[in-house]
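A.B. asks: For the protein sequence lines, the chains are A and B, in the order given. The first sequence stops at residue 53 when you use the working numbering, and every number in between is there. The second sequence stops at residue 181 when you use the working numbering, and every number in between is there.
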Amino acid sequence: MTLYDKIKSIYPSLEDKDFINVITLQNDSDGKGDYIAKWEHPTLARPTTEQLA
Amino acid sequence: MSSLVISGDTSGAITLAAPAVSGTNTATLPAATGTVMVSGNMPAFSAYGSTVQTISTASYTKIILNNIEFDTSSAFDYTTNYRFNPKVAGYYQINGSVWWNTASGTTYCETILYKNGSIYKFSPGYITPNGYGGAGVSSVVYFNGSTDYVELYTIQSSGSSQTTSPNLYGVFMNGSLIRGA
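This is how it looks when you write it as structure tokens:
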């Protein structure tokens, strides 16, 4: 399951536009995988490490 | 006088030489202050990818540009960070392209120039179900000649992972100095 899938399962109300405007997932191709580079959603809290595990 | 040699204050020298051909030519220096640019201090590079990358949906992902076509000033890191970090300050023309394998449905994608770790310019495109697809980006970028660098990223929004189709012709970044600082 990708980071995107995990976040969508935590917050099903998120739309694709949210991942352009207020949430940025990033992968620097350094072997560490996807990560949350920016989370500026006005109402939903950034998922915790435990939630994303 | 076939050449004029100007010695440095402490060491070194520069020689201005006339061509050994007949005729008279005039080279006029501009009424401006700055470093004279010659081919030896005008970096140019071309890097391309050969690694198929699986790109998660909605995730800005750096393109692995692990091959060099040319790199006149050894300013492109093609082993670790896949970035161009020139040591000559100025304005560079930078171009990039990302080419994708066929998607199951028409999918929005972007090819993005990241400068110093942040989005600088992007160009939109589509991955199609009937063939390949992608997007190219082009921009003039200022580099300070020390810390500034640029990388190539991409993103797609299909809702599932998609793969790139890397080769010399479709997944690349190249550029050259076009004006000194």
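C-beta atoms are modelled at their ideal positions from N, C-alpha and C, and glycine is treated no differently. Being a predicted model, the structure only gives us computed values, none of them experimental.
Is it buried or exposed for GLY12/B, if we count other Cβ within 10 angstroms and need 16 for buried?
C.D. replies: exposed
A.B. asks: On the DSSP bridge assignment, give the partners of ALA17/B in chain order.
C.D. replies: SER3/B
A.B. asks: Who does ASP77/B pair with in a DSSP beta bridge?
C.D. replies: ARG83/B
A.B. asks: At 7 Å on the CB atoms, spell out the chain A contacts of ALA58/B, in chain order.
C.D. replies: Chain-order list of chain A residues neighbouring ALA58/B: TYR4, ASP16, PHE19 and LEU25, by C-beta distance under 7 Å.
A.B. asks: For chain A, is any of its Cβ atoms less than 8 Å away from the one on SER123/B?
C.D. replies: no
A.B. asks: Could you tell me which chain B residues have their CB closer than 8 Å to the CB of VAL29/A, listed as they occur along the chain?
C.D. replies: It should be noted that the sequence gives Ser, not Val, for residue 29/A. Result: GLN53, THR61, LYS62, ILE63, ILE64 and TYR82.
A.B. asks: Once the 5 residues before and after TYR132/B are set aside, which same chain residues still bring their CB inside 7 Å of it?
C.D. replies: Excluding positions up to five away in sequence, the list reads TRP99, TRP100, ASN101, THR102 and SER165.
A.B. asks: Between the Cα of ASP30/A and the Cα atoms of LEU29/B, SER46/B and GLN53/B, which residue gives the shortest distance?
C.D. replies: GLN53/B
A.B. asks: Residues of chain A with CB closer than 9 Å to the CB of SER157/B, please, in chain order.
C.D. replies: ASP16, PHE19 and ILE20
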